[in-house]
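Asker: Dropping a structure here in C-alpha cells format, bear with me for questions.
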Amino acid sequence: MNEKYTPLFKSLKLPNGVEVKNRFVLAPLTHVSSNEDGTISDIEIPYIEKRSKDVGISISAASYVEPLGQAFPGQPSVSKDADLPGLKKQAEVMKKNGAKALIQIHHGGAMSLPGLTPTGEAAAPSEVEVRGFGQQETHVARELTVEEIEHSIESFAKATKIAIDAGFDGIEIHGANHYLIHQFFSPYYNRREDAWGDHLKYPLAIIEAVTKVVREHGTPDFIVGYRFSPEEVESPGISMELTEKLVKALTEQPLDYLHVSLMDIHSTTRDGRYKGEQRVKLLLEWIDGKLPLIGIGSIFTAEDAIKALDTGAPLIALGRELLLDHEFVAKIEQGREDEIVSEFDPERTDLHELPKPLWEQFNAKFYPLPRKDEKATETK
Ligand SMILES: Cc1cc2nc3c(=O)[nH]c(=O)nc-3n(C[C@H](O)[C@H](O)[C@H](O)COP(=O)(O)O)c2cc1C
C-alpha cells in the first residue's frame, strides 16, 4: 500500500468500546431488490456481502419499520417476524469478514408511496404535497394522528428488537433525506400545533425508545448511530443554525456515532449565519469530540478518500463508489488504486456486479453518477 493511505486503515474505537477495523463505511444504499413482502431476496445477499467485506462498518439499505412507512419498491422490511430469517442471513454475510453490520431503520412519512402502503395513503407530521421515489406525479400526505405517531415510535423500537434477534451489531436511525424523522425536525414539514410540533421531540423520542430496547435486549457493544441532513432547500426549512441545535442535543444522547448525509463531503453551508463555511468543519466543532462523525460525499478515488479523512471526520462512508467498484477498499490496501473503477459503464451489465433493478436505475440516470458514455461525448 502507498504509505500516504495508511491513516485510512487505522482502527477506531467507538464510545461503547467497539473497535472498527478501518475508517471505511458502506453507506446505506437502497437497491430496490428485496422481495415484494419486504423479505430479503437471494440477489441481495451476494450484493451486500461483496460490498461489506473490506469496510469497518457496513450499513444496509433503509429498511421500513412499519408498512405505512414504505417509500421504495423492493424495500427491505424490518417490521415483522417473517423478516427474521432473511435478515439473519444478511447480517451474517455483512459481518463475515470483520465489518460491523448495521441495519438502517426507516419510515418514509410523507415520502411513503401510496401505491405500496396498506391503506393506499402516506402520512406525515403535517399535510404536505410531495413527489416520492420514482413518482411522475405528486401525492398529498395526510397528517398523522397522535396515536399513529406513538405507534411509529413503537415500530422503531420493535425494529430494533428484530435487528438484535437477527444478529446485527447495531442500527442506524435514518433521520435524514426528507423521511419521517427528518420531517418532524423540519419547520417545512412539521407545522403541528400540538406537543409534536416541538422539532426535537420526535427524534429524541425515537432515540429513547430504541436505546431502551438495546439496554433491555442487546449487549453493551450494540451500536446505535444517527443519520441527519444538515440543510434543506425548502424555506423555512432545516438550516445550519437548526442543525447546530440538533447536533448539540444528539451529542448528549447515548449514541455511538453521527452520520451526516451529504453529496459532497467538502460542501459549504448554503445560507444563513454560517453561509460559505464548510459543513463538516462546523459539525465537528459542535460535536466537540463527544462522538465520531461519519463524513460522506463524492469519494471516487483513493486521493478523494484521504482528502475526506483530512476534513477531520474520523470515518468516511462510500455510497456510489462501492456500487461502481466493490473492490475499492481492497485496491487501495493492495496498492492497486490505479485500477479503481470510478465511472458507470452502460455498455457493461457485468462490470459493476449490481442487482439488475439498480443497474437499470443507473443506466436510466436516476442518480447523478460519473459515466463513461458522458465523458466520451464531452471529449468529442
Ligand atoms: C442508489 C442510492 C441509494 C441510496 N439509498 C440510501 C438509503 O437507503 N439510505 C440513506 O440514508 N441514504 C441513501 N442514499 C444516499 C447515500 O447513502 C449517500 O449519502 C449519497 O449517495 C452520497 O454518497 P456518495 O457520494 O458516496 O454516493 C442512497 C444513494 C444512492 C446513490
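Quick note on numbering: the sequence shown equals residues 60 to 439 in the working numbering. Built from N, CA and C at the ideal position, the CB exists for glycine as well. Keep in mind it's a predicted model, so treat the numbers as computed, not measured.
Rank L428, S211 and R190 by C-alpha distance to the C-alpha of G128 and give the top, closest one.
Answerer: Within the sequence shown, the letter at position 69 stands for residue 128. Looking at the Cα atoms, S211 is the closest of the given residues.
Asker: Can you find the residues in the same chain that come closer than 7 angstroms, C-beta to C-beta, to K72, ignoring five residues on each side of it along the sequence?
Answerer: Taking the first residue of the sequence shown as position 1, residue 72 is located at position 13. E78.
Asker: If you follow the beta strand (DSSP E) that F83 is part of, which residue opens it and which one closes it?
Answerer: Against the sequence shown, residue 83 aligns to sequence position 24. Unbroken beta strand (DSSP E) run through F83: F83 to L85.
Asker: Short of 8 angstroms in beta carbon distance, which residues of its chain neighbour R332, apart from the five on each side in sequence? Order them along the chain.
Answerer: As a first step, residue 332 is located in the sequence shown; it is residue number 273 there, counting from the start. Cβ neighbours of R332 beyond the five flanking positions: M299 and E300.
Asker: Given 7 angstroms as the limit, tell me if T89 has its C-beta closer than that to any heavy atom belonging to ligand 1.
Answerer: Here residue 89 refers to the residue found at position 30 when the sequence shown is read from its first residue. Correct: T89 has its Cβ closer than 7 angstroms to ligand 1.
Asker: Quick check: the region 145-159 against the region 195-214, are there 3 or more CB pairs under 8 angstroms?
Answerer: No, they do not touch.
Asker: For R274 and F68, what's the separation of their Cα atoms in angstroms?
Answerer: Position 215 of the sequence shown, counted from the first residue, corresponds to residue 274. Position 9 of the sequence shown, counted from the first residue, corresponds to residue 68. In a straight line, the C-alpha of R274 is about 31 angstroms away from that of F68.
Asker: With burial defined as no fewer than 16 other Cβ atoms inside 10 Å of the residue's Cβ, what is the status of V292: buried or exposed?
Answerer: Your numbering for residue 292 matches position 233 in the sequence shown. By the neighbour-count rule (16 or more Cβ atoms within 10 Å), V292 is not buried but exposed.
Asker: With a threshold of 16 other CB atoms inside 10 Å of the CB of M322, please say whether the residue is buried or exposed.
Answerer: On the sequence shown, residue 322 is found 263 positions in, with the first residue counted as 1. Burial call: exposed.
Asker: Taking the beta carbon of E437 as the centre, do at least 16 other beta carbons fall within 10 Å, making it buried, or is it exposed?
Answerer: Your numbering for residue 437 matches position 378 in the sequence shown. Low per-residue confidence applies at E437: pLDDT is 44, beneath 50, and the placement is therefore not dependable, though the value from the model is reported in the following sentence. That one is exposed.
Asker: Mind checking whether the beta-carbon of Q337 lies closer than 7 angstroms to any heavy atom of ligand 1?
Answerer: By one-based count along the sequence shown, residue 337 stands at place 278. Every heavy atom of ligand 1 is 7 angstroms or more from the Cβ of Q337, so no.
Asker: If I'm right that V114 touches V84 with Cβ under 8 angstroms, what's the distance once you round it to whole angstroms?
Answerer: As a first step, residue 114 must be located in the sequence shown, where it is residue number 55. As a first step, residue 84 must be located in the sequence shown, where it is residue number 25. Rounded, the Cβ-Cβ distance is 6 angstroms, consistent with contact.
Asker: Leaving out the 5 sequence neighbours to the left and right, which residues in its chain are closer than 7 angstroms to D142 when beta-carbon positions are compared?
Answerer: As a working mapping, residue 142 is identified with position 83 in the sequence shown. Taken in chain order, the residues that qualify are G97, T98, S136 and I221.
Asker: For chain B, check one thing: does any of its Cβ atoms lie closer than 8 angstroms to the Cβ of S136?
Answerer: Checking the listed chains, one finds no chain B in this structure; it contains a single protein chain.
Asker: Near K349, what residues of its chain come up, given a Cβ to Cβ distance below 6 angstroms and the 5 sequence neighbours on each side ignored?
Answerer: Start at 1 with the first residue of the sequence shown, and residue 349 comes out as number 290. Hits under 6 angstroms: T310.
Asker: Which runs of the beta strand (DSSP E) at least 3 residues long sit entirely within the region 216-273? Give them in chain order.
Answerer: With a minimum length of 3 residues, the continuous beta strand (DSSP E) runs that stay inside the region 216-273 are 229-234.
Asker: Could you check where the beta strand (DSSP E) with R329 kicks off and where it finishes?
Answerer: For the purposes of this step, residue 329 is taken as residue 270 along the sequence shown, with counting starting at 1. Here R329 belongs to no beta strand (DSSP E), and DSSP marks it neither H nor E.
Asker: Is the region 186-198 in contact with the region 255-263, if contact means three or more CB pairs nearer than 8 angstroms?
Answerer: Taking 8 angstroms as the limit for Cβ pairs, the verdict is that the region 255-263 does not touch the region 186-198.
Asker: What is the DSSP secondary structure of S526, counted as helix, strand or coil?
Answerer: This structure does not reach residue 526, given that the chain is present from 60 up to 439, and the question cannot be answered.
Asker: Considering only the alpha carbon of each residue, which of R338, E151, Y238 and G76 lies closest to I107?
Answerer: As a first step, residue 107 must be located in the sequence shown, where it is residue number 48. The shortest Cα separation from I107 among R338, E151, Y238 and G76 belongs to E151.
Asker: Residue range of the alpha helix (DSSP H) that L383 falls in?
Answerer: Here residue 383 refers to the residue found at position 324 when the sequence shown is read from its first residue. Start and end: R379 to L383.
Asker: Considering just the uninterrupted stretch of the alpha helix (DSSP H) at E402, what are its terminal residues?
Answerer: Along the sequence shown, read from residue 1 onward, the residue named residue 402 stands at position 343. Unbroken run through E402: none, as it is neither H nor E.
Asker: Find out if the Cβ-Cβ distance for the pair L428, H411 is shorter than 8 angstroms.
Answerer: By 1-based counting over the sequence shown, the position of residue 428 is 369. By 1-based counting over the sequence shown, the position of residue 411 is 352. No, they are not a contact pair.
Asker: CB-CB under 6 angstroms to S357, same chain, minus the five flanking residues each way: which ones, in chain order?
Answerer: Start at 1 with the first residue of the sequence shown, and residue 357 comes out as number 298. Excluding sequence neighbours, S357 sits near D323.
Asker: Can you grab the Cα-Cα spacing for the pair T219 / D432, in whole Å?
Answerer: Taking the sequence shown and counting its residues from 1, one reaches residue 219 at position 160. Taking the sequence shown and counting its residues from 1, one reaches residue 432 at position 373. Distance between the alpha carbons of T219 and D432 is about 43 angstroms.
Asker: Quick check on DSSP: helix, strand or coil for K148?
Answerer: Position 89 of the sequence shown, counting from 1, holds the residue named residue 148. DSSP places K148 in helix when its eight states are reduced to three.
Asker: Where do the ends of the beta strand (DSSP E) carrying E202 lie?
Answerer: Position 143 of the sequence shown, counted from the first residue, corresponds to residue 202. Residues H198 to E202.
Asker: Give me the residue from Q312, I391, V205 and I297 with the minimum Cα distance to V269.
Answerer: Along the sequence shown, one-based indexing puts residue 269 at 210. Comparing Cα positions, the closest option is Q312.
Asker: For the structure I just gave you, are there three or more beta carbon pairs, one from the region 403-420 and one from the region 363-374, closer than 8 angstroms?
Answerer: The answer is no - the region 363-374 does not touch the region 403-420, with fewer than three Cβ pairs under 8 angstroms.
Asker: Please go through the same chain and pick out, in chain order, the residues whose beta-carbon is closer than 7 angstroms to the beta-carbon of Q337, but skip the five residues on each side of it.
Answerer: Position 278 of the sequence shown holds residue 337. Excluding sequence neighbours, Q337 sits near H325 and T327.
Asker: Using 10 angstroms around the beta-carbon of S294, count the other beta-carbons present and answer buried if the total reaches 16, otherwise exposed.
Answerer: On the sequence shown, position 235 is the one that residue 294 refers to. The residue in question, S294, is exposed, as its Cβ has fewer than 16 Cβ neighbours within 10 Å.
Asker: Quick one: is the Cβ of E103 within less than 7 angstroms of any heavy atom of ligand 1?
Answerer: Taking the first residue of the sequence shown as position 1, residue 103 is located at position 44. For ligand 1, not one heavy atom lies less than 7 angstroms from the Cβ of E103.
Asker: So is the beta-carbon of Q312 under 7 angstroms away from any non-hydrogen atom of ligand 1?
Answerer: As a first step, residue 312 is located in the sequence shown; it is residue number 253 there, counting from the start. The answer is no for Q312.
Asker: For Q163, which residues from the same chain have a beta carbon less than 7 angstroms from its beta carbon, with the 5 sequence-adjacent residues on both sides left out?
Answerer: To locate residue 163, count along the sequence shown from 1; it is residue 104. Excluding residues within five positions, the ones whose Cβ falls inside 7 angstroms are P87, I118, S119, A120, A121, S122, E231 and H233.
Asker: Below 8 angstroms between beta carbons: does that hold for Y238 and G167?
Answerer: As a first step, residue 238 is located in the sequence shown; it is residue number 179 there, counting from the start. As a first step, residue 167 is located in the sequence shown; it is residue number 108 there, counting from the start. Yes. Within cutoff.
Asker: Just to confirm my understanding: we take W345, look at its own chain, exclude 5 residues before and 5 after, and list those with CB closer than 7 angstroms. What are they?
Answerer: Taking the first residue of the sequence shown as 1, we reach residue 345 at position 286. These residues qualify, in order along the chain: E303, V306 and K307.
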